[in-house]
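Going by UniProt numbering, the sequence shown opens with residue 1, and the numbers climb by one from there.
Positions of the beta carbon are idealized from the N, C-alpha and C atoms, including for glycine.
The next block holds one structure in the form of structure tokens; read it before the comments.
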Amino acid sequence: MRELSRELRPHSLCRHGHRWCDVIGMRRAVRPSAAGWVKKVWCGGTGVRRPGRGCGHGWDLRVSGNPSPAQKWLFVVGRDLSHPTILWHCDLSGPSLPRERGREWGKGRRMRKRSGNGRGPPPDRYEAALLLAAAGDALGFRGGLWEYCTAGARIHEELRALGGLSSIELRPPDWPLSDDTILHLATAEGLSSGLEGDALLQELARRYVAAMEDMEGRKPGPSSILGTSQLRPGEPHGYRIPFNPTGTGCGAAMRSLAIGLRYPRPEELPTLIRVSIESGRMTHHHPTGYLGALAVALFGALGVRGEPPELWGAELLRILPHAWDYVEGEGVAVEENAAAWDFFGDTWRRYLESRGLLGGGGPPRVPSLPTPEERDADWEELCARAVLHGGDNDSTGTIAAGCWGLRWGLSRVPPGMHRHLEYRQRLCHVAHRLHALAWGH
Ligand SMILES: [Mg+2]
């Protein structure tokens, strides 16, 4: 057991007043990283679910000693009421993020194996995800009529007058795609280039800027307009824009499902975190904005792997500290990001609590729909809940319908929802390209 210095005092309090009871040791030390020995220890950290704990605030921890280079894993173990708990662990042999490793990372819950023999889902699930994400966007948008209608009852009244979902053909000019899908295509096609690292981020920035040329009648959001005007693709770090105190919208989330399709494997989590945060803050440089991109990318990856949706929200909460490690490690606008960090996780936690999903299991407690006929079929219920409401329905629609497509494919969806979609060929082509890149065949 290596010694831990006293920068972290046994009874330090975090900003929420939670107490770190003690550090009793770690298993397997690590080699020094470029940042030296100072690492972050999180209050509660991953996997701790006692009431009043796990607020996500951290302390700096200084590791001393001379560990062997062959040893890879760092575990920081806390002691509370005689129950040792893994508070934090990290694989420093590669990216400074923990790998998802069954019970170790899931803390008592073993993640399911990937579907098939590491081959992933069939390509048509990727196609369904891209197509239905576009369908949810076109349906919720309705050329601007429904996106800006704040009365859900009126939307349903008009839907009935149209003959219901099965009578609708989603095609221009009445049902064009909105900014959501144009920017999602930019993400997906950027990822399908096969580039990685900074070259990929430059490519995404270039495609977001180019996508703004195709926004006539598609109602892009103000943060997307501002952010893309600040991007300088091709210049060093030209994919970064200043922190934006008002960049809190869903414009980063709505275009990020493809990131999860590209990096679905558990060992790709560090890349998923990096690409979703960096691509998200190309337009929404505020945690509430770019963590939405991380959320949707993660949900895409979990959906590809067949993990039950009841687990997704709890998984997101668990990786948020690692997302912060990444943001802090990059050293870009750290103070502003830190000051605005808590809102996203706190809001998610309250939402999961209200739905009975905080523990990662179901069934979810969801409000009942107002009329029985809206429950006739799963796709119709999804649209009733996630697309046809008086809110930002094209964005909630594109995210929910894309995830639904990953799970159920196209077979339960009326053909009119997808057979004449604008840019259908582009959507299908990029879906197959992402599948080939992700699963290697
Ligand atoms: Mg839109």
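Assigned exposure category for residue 150 - 16 Cβ within 10 Å defines buried | Exposed.
Pull up the CB-CB distance for residue 135 and residue 431, whole angstroms please, since I reckon it's below 8 Å.
-> With 8 Å as the limit, residue 135 and residue 431 do not qualify as a contact, their Cβ atoms being about 13 Å apart.
Own chain, CB closer than 7 Å to residue 231, minus 5 neighbours either side, in chain order | Closer than 7 Å at the Cβ level, and outside the excluded window around residue 231, lie 205, 208, 209, 238, 239, 241 and 282.
Nearest candidate by alpha-carbon position, reference residue 386, set 215, 140 and 235 = When each option's Cα is compared against that of residue 386, the closest is 140.
Presumed contact (8 Å Cβ cut-off) between residue 273 and residue 338, rounded CB distance | That pair is no contact at about 17 Å.
Answer yes or no: do residue 289 and residue 300 have a C-beta to C-beta separation smaller than 9 Å?
-> Inclusion of residue 289 and residue 300 in the CB contact set at 9 Å is not warranted, their separation being larger than that value.
Residue 407 in three-state terms, based on DSSP | Helix, per DSSP.
Sequence-distant residues of its chain with Cβ nearer than 7 Å to residue 364 (five each side left out) | So the qualifying residues of the chain are 310, 355, 356 and 357.
Straight-line CA distance for residue 181 to residue 254?
-> Cα to Cα, the separation comes out at about 8 Å.
I think residue 344 touches residue 291, with their Cβ atoms under 8 Å apart; what is that distance to the nearest whole Å?
-> Between residue 291 and residue 344 the Cβ distance is about 5 Å, and since that is below 8 Å, they are a contact.
Residues near residue 144 in its chain [Cβ-Cβ closer than 7 Å; skip 5 each side] | Once the five neighbours on either side are set aside, the close Cβ partners of residue 144 are 219.
Does the beta-carbon distance from residue 257 to residue 297 come in below 9 Å?
-> Against a cut-off of 9 Å, the Cβ pair of residue 297 and residue 257 comes out as a contact.
Confirm the yes/no value for this check: CB of residue 220, any heavy atom of ligand 1, distance under 8 Å.
-> Taking non-hydrogen atoms of ligand 1 into account, the C-beta of residue 220 is found less than 8 Å away from one of them.
If you draw a straight line from the alpha carbon of residue 348 to that of residue 334, how long is it in whole angstroms?
-> Taking the CA atoms as reference points, residue 348 sits about 22 Å from residue 334.
Looking at C-alpha atoms only, which residue of 217, 188, 321 and 252 is the closest neighbour of residue 263?
-> Considering only alpha carbons, the answer is 188.
Using a threshold of 9 Å, state whether the C-beta atoms of residue 403 and residue 165 are closer than that.
-> Not closer than 9 Å, so no.
Cutoff 6 Å; reference residue 211; Cβ partners in own chain excluding five residues on either side | Non-local beta-carbon contacts of residue 211 in its own chain, meaning distances under 6 Å to residues more than five positions away in sequence, involve 182, 183 and 186 in chain order.
The alpha helix (DSSP H) with residue 204 in it runs from where to where?
-> Per DSSP, residue 204 belongs to the alpha helix (DSSP H) from 197–211.
Where residue 420 falls, given that 16 or more other Cβ within 10 Å makes a residue buried = Taking every protein chain shown into account, the CB of residue 420 has fewer than 16 other CB atoms within 10 angstroms, so this residue is exposed.
Note the first and the last residue of the continuous alpha helix (DSSP H) segment covering residue 190.
-> 179–191 is the span of the alpha helix (DSSP H), which, as asked, contains residue 190.
Closer than 8 Å by C-beta to residue 400: which residues in its own chain qualify, once you throw out the five before and the five after it? Chain order, please.
-> Exclusion of the five residues before and after residue 400 leaves 136, 382, 385, 386 and 387 as the residues of its chain whose Cβ lies within less than 8 Å of its Cβ.
Quick one: measure Cβ to Cβ for residue 406 and residue 125, integer angstroms, because I've assumed they're closer than 8 Å.
-> At roughly 6 Å, the Cβ-Cβ gap stays under 8 Å, so residue 406 and residue 125 are in contact.
Check each residue's C-beta against every heavy atom of ligand 1 and list, in chain order, those closer than 5 Å.
-> Going by the Cβ distance cut-off, the answer is 178, 179, 180 and 394.
Residues near residue 221 in its chain [Cβ-Cβ closer than 6 Å; skip 5 each side] = The residues are 249 and 251.
Would you call the CB atoms of residue 336 and residue 271 closer than 9 Å?
-> No, these two residues do not count as a Cβ contact at 9 Å.
Do residue 131 and residue 427 have their CB atoms nearer than 9 Å?
-> Contact flag set, yes.
Starting from the N-terminal side, write out each stretch of the beta strand (DSSP E) that is 3 residues or longer and does not extend beyond the region 320–400.
-> Listed in chain order, there is nothing to give.
Residue burial classification, residue 161 (beta-carbon count within 10 angstroms, cutoff 16) = Residue 161 is classed as exposed because its beta carbon has fewer than 16 other beta carbons within 10 Å across all chains shown.
Could you work out which residue in 314, 359 and 147 is closest to residue 175 when comparing CA atoms only?
-> Residue 175 has its Cα closest to that of 147, out of 314, 359 and 147.
Pick from 213, 326 and 247: whose alpha carbon is nearest that of residue 269?
-> With distances taken between CA atoms, residue 269 lies nearest to 326 out of 213, 326 and 247.
By Cβ distance, which residues of its chain are closer than 6 Å to residue 120, with the 5 residues on each side in sequence left out?
-> Around residue 120: 439.
Between the CA atoms of residue 312 and residue 360 - distance to the nearest angstrom = Roughly 7 Å between the two C-alpha positions.
Per-residue burial, residue 245 [other beta carbons within 10 Å of its own, 16 or more giving buried] | For residue 245, the number of other beta carbons within 10 angstroms of its own is below 16, and it is reported as exposed.
Thinking just about the alpha-carbon of each residue, which of 235, 316, 168 and 179 is nearest to the one in residue 133?
-> Ranking the options by Cα distance to residue 133, first place goes to 179.
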